[in-house]
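Each residue of the sequence shown is one higher than the one before, counting from 44 in my numbering. Ideal placement from N, C-alpha and C gives every residue a C-beta, glycine not left out. Contents: one structure, followed by commentary.
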Amino acid sequence: VQLQASGGGLVQPGGSLRLSCAASGTISSIKDMGWYRQAAGQKRELVAIITSISTTNYGDSVKGRFTISRVNVENTVYLQMTSLKPEDTAIYYCNVRTWSRAEYWGKGTQVTVSS
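This is how it looks when you write it as structure tokens:
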């Protein structure tokens, strides 16, 4: 199973980015898909999770600015990020959990918010 994330990069404060992550390979039914992030010297933290029935949960620091969505038939999850702040700078990791309790992580994509 591979998780291929894309869409990271450098953006100015107040700008927007859209991350995507596609799961490929032999994978049983996906339950939750999500994004986590880890800033330099910090612990990995939840950004957003979306369940198989599209229930969402967001980290407090991104509520109202980020939106997570998924396309089940494509095993793909998206993260639309708006009103970006310098403190959003981090490596963003895609995460997938299946109904058989397997868990997979992507390699991460760098998001840098700086003027």
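With residue i and residue j assumed to form a contact (beta carbons below 8 angstroms), what rounded beta-carbon distance in angstroms separates them?
| i | j | result |
| --- | --- | --- |
| P56 | S143 | About 42 angstroms separates the two Cβ atoms, so there is no contact after all. |
| M76 | R108 | So it is not a contact: roughly 19 angstroms between Cβ atoms. |
| K74 | S97 | About 12 angstroms; that fails the 8 angstroms criterion. |
| L82 | S63 | Checking the sequence shown, residue 82 turns out to be Ala, not Leu. About 21 angstroms separates the two Cβ atoms, so there is no contact after all. |
Please work out which residues of its chain come closer than 7 angstroms, Cβ to Cβ, to residue i, disregarding the five sequence neighbours upstream and downstream, and give them in chain order.
| i | result |
| --- | --- |
| G58 | L127 |
| Q153 | G51, I134 |
| Y79 | R87, E88, L89, V90, Y136, N138 |
Taking the continuous beta strand (DSSP E) assigned at residue i, which residues delimit it?
| i | result |
| --- | --- |
| D131 | First-last for D131: undefined, no H or E at that position. |
| D103 | Premise fails: D103 is in no beta strand (DSSP E) and is neither H nor E. |
| T67 | Reading off the sequence shown, one finds Ser at residue 67, where the question assumed Thr. Element bounds for S67: 60-67. |
| R87 | Segment: none, R87 is in no beta strand (DSSP E) and carries neither H nor E. |
| Q81 | 73-81 |
| W142 | From DSSP, W142 is part of no beta strand (DSSP E); its letter is neither H nor E. |
| T152 | 152-156 |
Leaving out five residues before and five after residue i in sequence, what residues of the same chain have Cβ atoms less than 6 angstroms from its Cβ?
| i | result |
| --- | --- |
| V44 | G68, I70, Y147 |
| D131 | V156 |
| I111 | A91, I93, T99, L122 |
Among residues of its own chain, excluding the 5 on either side of residue i, which ones have a beta-carbon nearer than 8 angstroms to its beta-carbon?
| i | result |
| --- | --- |
| R61 | G50, Y121, L122, Q123, M124 |
| P129 | P56, V156, S157 |
| G102 | E88, L89, V90, A91 |
Cβ atoms of residue j and residue i: under 8 angstroms apart, would you say?
| i | j | result |
| --- | --- | --- |
| I134 | G149 | no |
| V139 | A66 | yes |
| T141 | S72 | yes |
| L53 | C137 | no |
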